[in-house]
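Residue numbers (our numbering), protein chains in the order written: chain D, 1 to 316; chain C, 1001 to 1353; chain G, 2001 to 2336.
The beta-carbon is built from N, C-alpha and C at its ideal position, and this holds for glycine as well.
See below for the structure under consideration.
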Amino acid sequence: MSLQRYLIKRLFLTVFILFSVSVLTFSLVALLPGNVVDFILQFQQITPELRAELYAQYNLDEPIWTRYLLWIFDAMQGDFGNSIISDRSVSGAIAARLPQTVLLGLLGFVISMGIGIPAGVVAAVNKGETTDEVSRVGALLGIATPNFWLGLMLILVFSVELGWFRVIPPVDIPLLSFPMLKFMILPAITLGTASAALIMRLTRSAMVEQLNKDYVRTARAKGLSERTVIIKHVLRNSLISVVTVAALQIAFIVDGTVVVEQVFSWPGVGRLLIQAITQRDFPIIQAVVLLVATTIVFANLLADILYSVLDPRIRY
Amino acid sequence: MALLEVENLETNFYTEEGKVKAVNDISYDIEAGERFGVVGESGAGKSVTSLSVMGLIENPGSIDNGEIRFKGENLLEASEERLQEIRGAEIAMIFQEPQSALNPVYTVGEQIAEAIRKHMDLSGDEVKERAIDMLRRVGIPDPEERYDNYPHQFSGGMQQRAVIAIALSCDPELIVADEPTTALDVTIEAQILELLEELSEEFDVAIQLITHDLGVVAEICNRVMVMYAGKAVEKAPVEELYYNPKHPYTVGLMGSIPRIGDGRNRLDTIPGSMPDLVQLPPGCSFHPRCPYAEEACTQREPPLVDVDTGEPVEGLSESEHTAACLEYTGELQGELEFEVEITDDAGSTGVDT
Amino acid sequence: MTERQPTTQRGRIRVTGFDGSVIEERDEFSWEADESTVARGRWERAWKRFKTNRTALFGLAIIGLMAFFAIFARPITVAGIPIQPISLAPFEPGASNFGAVLEPPSLTHPFGTDWSGKDMFSRIIYGGRFSLSIGFIAVSLALAVGVPLGSIAGYYGGLIDDIIMRIVDILYSFPFLVLAIALIAVLGQGFWKLILALVLVVWIGYARIIRGEILSVKENEYVLAARALGARDRSIIFRHIVPNAIAPVIVQATLGIGTIVLLAAALGFLGLGLEPGTSEWGSMLSQGRDSLIQGDWWVTVFPGLAIFLFVLSINLVGDGIRDAIDPQGDLGGGPR
Chain D
1 MSLQRYLIKR LFLTVFILFS VSVLTFSLVA LLPGNVVDFI LQFQQITPEL RAELYAQYNL
61 DEPIWTRYLL WIFDAMQGDF GNSIISDRSV SGAIAARLPQ TVLLGLLGFV ISMGIGIPAG
121 VVAAVNKGET TDEVSRVGAL LGIATPNFWL GLMLILVFSV ELGWFRVIPP VDIPLLSFPM
181 LKFMILPAIT LGTASAALIM RLTRSAMVEQ LNKDYVRTAR AKGLSERTVI IKHVLRNSLI
241 SVVTVAALQI AFIVDGTVVV EQVFSWPGVG RLLIQAITQR DFPIIQAVVL LVATTIVFAN
301 LLADILYSVL DPRIRY
Chain C
1001 MALLEVENLE TNFYTEEGKV KAVNDISYDI EAGERFGVVG ESGAGKSVTS LSVMGLIENP
1061 GSIDNGEIRF KGENLLEASE ERLQEIRGAE IAMIFQEPQS ALNPVYTVGE QIAEAIRKHM
1121 DLSGDEVKER AIDMLRRVGI PDPEERYDNY PHQFSGGMQQ RAVIAIALSC DPELIVADEP
1181 TTALDVTIEA QILELLEELS EEFDVAIQLI THDLGVVAEI CNRVMVMYAG KAVEKAPVEE
1241 LYYNPKHPYT VGLMGSIPRI GDGRNRLDTI PGSMPDLVQL PPGCSFHPRC PYAEEACTQR
1301 EPPLVDVDTG EPVEGLSESE HTAACLEYTG ELQGELEFEV EITDDAGSTG VDT
Chain G
2001 MTERQPTTQR GRIRVTGFDG SVIEERDEFS WEADESTVAR GRWERAWKRF KTNRTALFGL
2061 AIIGLMAFFA IFARPITVAG IPIQPISLAP FEPGASNFGA VLEPPSLTHP FGTDWSGKDM
2121 FSRIIYGGRF SLSIGFIAVS LALAVGVPLG SIAGYYGGLI DDIIMRIVDI LYSFPFLVLA
2181 IALIAVLGQG FWKLILALVL VVWIGYARII RGEILSVKEN EYVLAARALG ARDRSIIFRH
2241 IVPNAIAPVI VQATLGIGTI VLLAAALGFL GLGLEPGTSE WGSMLSQGRD SLIQGDWWVT
2301 VFPGLAIFLF VLSINLVGDG IRDAIDPQGD LGGGPR
């Protein structure tokens, strides 16, 4: 089918998924035995005023679909209500921490793709030789290492023993200042390592698969140099797989951020989520989960759009 | 001096199961403009022969012996750069599955233009013009539009024409066609073969046509080499091969083709199958499947000799007819008891004695 | 020599006299071809390949060793009857000893002690119980849910396929860890709640793989043949399709044990796994963080090493299985 129809179909699917995701996120709270307020009561004291406020905030008198509609309507305007604990705006809390998380995630993503893809290409082209074996061992080690442990080990070696880095981030300075960026080196490496290992493996197998295809033989039979064959023909076909990989990495990196922020005391959204969980601060939990899922849905949409650009078979 | 002279070519694959002798001392020549057929069952080594000529043999294979002289130059001693100059420009190749032979992410026109750009010194517009011209020559309608189409937008027959266009684009002197019509419908096959014949005549391009299909060979080839288990067992001009086959394997192949109107109840097939190339039978590789085999056949590997003189052929001879069977070196005690019946078009039968 | 005059006749050719039956009737020559190898079953060949894979066997050995230590660390009693009385752990894993707080590794405490004086070595070998059992149980349950659902979706297609795949798509929009965290927030903490959360997160991967495999196997002719012979759907699915489609699922399930253990450990590290103070490796690391700054490296190094070693070994075994079943790399089954 034509590109337009494909994209429109994809867009409808995206809307449907977003809707379902929001329903699911909302129903997290609905799954609780009893209602939210009673649940929270198990963990902390609430004054009667706060209780009434919470009732109103959660519209607990309304039937469930009304509550959902009210919630999602507000959510789309960026209003996620207030935190149960601090009574401050949820979106405000998230917004304050979002830049830190985005920057860390971006750095991790860049590191993982920057190491993973070239390593995968080199390994595939030199399949069976030492370079390939070394890369594969490296990838295996990277995948098996728990990221929180890696972070702790890096802190142990580079911060505690060698003193090259701080153990906790500097405070009261802008995000893009040098000391802050310097601090980010260890967390970014931690974040990027496991992801790089995965990317390297997937890139390698995608390239190996392409290298076995007939069109590579045709290209060589035309007298093209090996370099042209690999870069112009093989890599271009492997890009489709690479895009899949990159899209998957977004989810992986998000997961990683939650953990890495905890290890390095990085003031980001992940840390906020963990705090909220321990305190059963549901407005925050719902908002963060919705935000995360929405990001991933859009990342997948972007990946699909990229596919249609990269693969003419989808377009025509 | 012939256009292509292959002498004592030996290509082996070193696998876990052992050393696979895919091409086992093969020699043949192809003259300029000649259409040379290489026939045999799957696994006989036909494709490996052509890949060896192009220098496209990869690990775990290696060309261990022989010479491949193209216009006098030994390709096995040429550098990779020199080979890249020759590939596409002087020797071009066509493969079996046109669908997978074309890169799905580039337009067909670009894939032709790419070869032209590499080997010919033309401006951008001239390159495109030439590529469109190629599409026209191979019989693709609306070539200007088709230039911008992707491979998956072509039918199978059209895809193969496009592959031929790529092969022809830089005026090669030899095209190696490896089972070019096996993946196509019979009607398309006929068209493609006709196209190849026309192009060969028009541009004076030699073709090495590899196939398992005797019918294809009969259509367009001038001379034929029959391969079995990595060795050449018969070489002859095409008419000679069909009307006067000499090697029992050739006879068996021809006898196993079903014919319409045949009175027989059962097909005569060659029993058994191609031997394992790691463990070849001693003596003549064909003897386990040959009805005329004798003890002598297990002891001595028959050399490829002229069927009249019994001596190996020196130098080139277009009309040479050689076969690798002890019958022709005089060592066979029994007789090759086959008959070739020829029914002329008028319907009367003349039996060959 | 045979007398044969070359003919100048042309026309249709017919060859006679090439008699294949002669070959069967004559005596064998002094040389005979080897008997062709007996066709062995696919799983037999895979097992044979696996046995020669040294790294995979090494991984299997490590896992076996860890399982051994986990089982025999402390006695196991069922309904008051001790079915495993051996106690390899030198100390009680939960026994605090405030006189020996944060001691570096020594002969009495090979892995040192933690902030409350508990022996690290005992905790680690005992802690293997949690990781190993969570890994195997969660994967088994996820398979029990994912494989049937994916099979039904793939085989029947149509509406039921759409429904199941939409659910999969939606769940896929949540990253594993975040989804698990959200589920824990709702379900609470505890061993079986943790397992439930992990199963809900991971089943989709298996459903997807088996569905994909079934879609491709479904078109194969032996399925059409079975149908033409009148076999019932259920029989076709389980006797023909699943055995052929199951291979990538097996690989993914094995590797999935590693994924689950890492997830569980991460949850433990974040304090969201089992009850705090449990000897689960991840939970031990969350306490390690604070002592790290003081330079008490053993509290962090050893539990993490245990996780690393286990996941590494599982990956070696999983890769070995993949190479054994599918040496050409033809089968699909991607990441996750």
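Sort the options by Cα distance to residue i and report the nearest one.
i, options, result
"Asp-2119/G", "Leu-2088/G, Ile-2063/G and Ile-2307/G", "Leu-2088/G"
"Arg-1117/C", "Lys-222/D, Asn-300/D and Phe-73/D", "Lys-222/D"
"Ile-2321/G", "Pro-2303/G, Leu-2305/G and Gly-2256/G", "Gly-2256/G"
"Trp-2192/G", "Glu-2221/G, Asp-2169/G and Ala-2138/G", "Ala-2138/G"
"Glu-1041/C", "Glu-1197/C, Val-1217/C, Met-1274/C and Gly-1109/C", "Met-1274/C"
"Ile-2063/G", "Ile-2160/G, Ser-2133/G, Arg-2239/G and Leu-2270/G", "Ser-2133/G"
"Gly-2127/G", "Glu-2280/G, Leu-2107/G, Asp-2290/G and Leu-2198/G", "Glu-2280/G"
"Ile-2071/G", "Ile-2125/G, Leu-2102/G and Trp-2298/G", "Ile-2125/G"
"Ser-241/D", "Ser-22/D, Leu-306/D, Leu-7/D and Thr-25/D", "Leu-306/D"
"Ile-2236/G", "Met-2066/G, Ser-2151/G and Ile-2167/G", "Ser-2151/G"
"Ile-274/D", "Thr-2113/G, Thr-2278/G, Ala-2266/G and Glu-2275/G", "Ala-2266/G"
"Val-1216/C", "Glu-1194/C, Glu-1201/C, Phe-1203/C and His-1119/C", "Glu-1194/C"
"Val-250/D", "Val-208/D, Gln-279/D, Val-234/D and Val-297/D", "Before going further, note that residue 250/D is Ile rather than Val in the sequence given. The residue with the shortest Cα to Cα distance from Ile-250/D is Val-297/D."
"Gly-108/D", "Val-234/D, Leu-302/D and Ile-253/D", "Ile-253/D"
"Gly-2318/G", "Leu-2060/G, Arg-2012/G and Ile-2013/G", "Leu-2060/G"
"Val-1006/C", "Met-1227/C, Tyr-1028/C, Glu-1337/C and Pro-1141/C", "Tyr-1028/C"
"Gly-1272/C", "Val-1278/C, Pro-1282/C and Cys-1290/C", "Cys-1290/C"
So residue i packs on residue j, CB below 8 Å; how close in whole Å?
i, j, result
"Ile-2184/G", "Pro-2248/G", "Between Pro-2248/G and Ile-2184/G the Cβ distance is about 30 Å, and since that is not below 8 Å, they are no contact."
"Glu-1173/C", "Ala-1032/C", "7 Å"
"Gly-192/D", "Ile-111/D", "3 Å"
"Leu-1304/C", "Ala-1229/C", "Not really, about 14 Å apart at Cβ, beyond 8 Å."
"Val-21/D", "Ala-293/D", "5 Å"
"Val-2217/G", "Ala-2245/G", "5 Å"
"Ala-1022/C", "Gly-1045/C", "5 Å"
In the DSSP assignment, the beta strand (DSSP E) including residue i goes from what residue to what residue?
i, result
"Glu-958/C", "Summary: the structure shown does not reach residue 958/C, with chain C confined to residues 1001 through 1353, and so no result is reported for it."
"Val-1023/C", "1018-1030"
"Val-1340/C", "1339-1343"
"Leu-1174/C", "1174-1178"
"Thr-2016/G", "2012-2016"
"Pro-267/D", "Run containing Pro-267/D: none; DSSP gives neither H nor E here."
"Ala-2100/G", "Neither: Ala-2100/G is in no beta strand (DSSP E) and is coded neither H nor E."
In terms of residues, what are the limits of the alpha helix (DSSP H) holding residue i?
i, result
"Gln-2189/G", "Where Gln-2189/G is concerned, there is no enclosing alpha helix (DSSP H), given that its DSSP letter is neither H nor E."
"Ser-1062/C", "That residue, Ser-1062/C, is in no alpha helix (DSSP H); its beta strand (DSSP E) goes 1061-1070."
"Ile-1210/C", "Looking at the DSSP string, Ile-1210/C is not in any alpha helix (DSSP H); the run it does join, the beta strand (DSSP E), is 1206-1211."
"Pro-1245/C", "Note, Pro-1245/C: premise wrong, no alpha helix (DSSP H); not H, not E."
"Met-1227/C", "That residue, Met-1227/C, is in no alpha helix (DSSP H); its beta strand (DSSP E) goes 1223-1228."
"Gly-2288/G", "2281-2293"
"Phe-2111/G", "Note, Phe-2111/G: premise wrong, no alpha helix (DSSP H); not H, not E."
Short of 8 Å Cβ to Cβ, which residues in the stretch 2313-2329 of chain G face chain C? Those residues of the stretch 2313-2329 of chain G that come within reach of chain C (Cβ to Cβ, closer than 8 Å) do not exist; the list is empty.
Near-chain G residues of the stretch 164-182 of chain D - C-beta to any C-beta below 8 Å: Listed by position, the residues of the stretch 164-182 of chain D near chain G (Cβ gap below 8 Å) are Val-167.
When Cβ atoms are compared, which residues of the stretch 127-157 of chain D fall closer than 9 Å to chain C? Answer set for the stretch 127-157 of chain D: Gly-128.
Please name the residues in the stretch 209-232 of chain D whose beta-carbon is closer than 9 Å to at least one beta-carbon of chain C, in chain order. Going along the stretch 209-232 of chain D in chain order, one finds Lys-213, Asp-214, Tyr-215, Val-216, Arg-217, Thr-218, Ala-219, Arg-220, Ala-221, Lys-222, Gly-223, Leu-224, Ser-225, Glu-226, Thr-228 and Lys-232 with a Cβ nearer than 9 Å to chain C.
Compile a chain-ordered list of the residues in the stretch 2051-2062 of chain G whose CB is closer than 9 Å to at least one CB of chain C. So the list is empty, because no residue satisfies the distance condition.
Would you list, in chain order, the members of the stretch 289-315 of chain D that have their beta-carbon closer than 8 Å to a beta-carbon of chain C? Listed by position along the chain: Leu-310, Asp-311, Pro-312 and Arg-313.
Contact residues within the stretch 1103-1117 of chain C, judged by C-beta distance below 9 Å to chain D: Contact residues of the stretch 1103-1117 of chain C toward chain D are Asn-1103, Pro-1104, Val-1105, Tyr-1106, Thr-1107, Gln-1111, Glu-1114 and Ala-1115 (C-beta to C-beta distance below 9 Å).
Mind listing which residues of the stretch 232-252 of chain D have their C-beta closer than 7 Å to chain C's C-betas, in chain order? Those would be His-233, Arg-236 and Asn-237, in chain order.
Mind listing which residues of the stretch 1056-1074 of chain C have their C-beta closer than 7 Å to chain D's C-betas, in chain order? Interface annotation for the stretch 1056-1074 of chain C against chain D: Leu-1056, criterion Cβ-Cβ distance under 7 Å.
Minimum length 4: unbroken alpha helix (DSSP H) runs contained in the stretch 1049-1136 of chain C: Taking only runs of at least 4 residues, the alpha helix (DSSP H) segments lying wholly in the stretch 1049-1136 of chain C are 1080-1086, 1098-1101 and 1108-1119.
Runs of 4 residues minimum, wholly inside the stretch 1250-1308 of chain C: which ones carry the alpha helix (DSSP H) assignment? Whole alpha helix (DSSP H) segments, 4+ residues: 1295-1299.
Could you list the residues in the stretch 2256-2269 of chain G with a C-beta less than 8 Å from some C-beta on chain D, going in chain order? Under the 8 Å Cβ criterion, the stretch 2256-2269 of chain G contributes Gly-2258, Leu-2262, Ala-2265, Ala-2266 and Phe-2269.
Pull out every residue of the stretch 6-25 of chain D whose Cβ sits closer than 7 Å to any Cβ of chain G, in chain order. Those would be Ile-17, Ser-20, Val-21 and Leu-24, in chain order.
Residues within the stretch 252-269 of chain D neighbouring chain G, beta-carbon criterion of under 9 Å: Taking 9 Å as the Cβ-Cβ cut-off, the stretch 252-269 of chain D approaches chain G at Phe-252, Ile-253, Val-254, Asp-255, Gly-256, Val-258, Val-259, Gln-262 and Val-263, given in chain order.
Could you list the residues in the stretch 1150-1183 of chain C with a C-beta less than 8 Å from some C-beta on chain D, going in chain order? Within the stretch 1150-1183 of chain C, the residues whose Cβ lies closer than 8 Å to some Cβ of chain D are Tyr-1150, His-1152, Gln-1153, Val-1163 and Ile-1166, listed in chain order.
For the stretch 268-312 of chain D, list the beta strand (DSSP E) runs that are entirely contained and at least 3 residues long, ordered along the chain. Within the stretch 268-312 of chain D, no complete beta strand (DSSP E) run reaches 3 residues.
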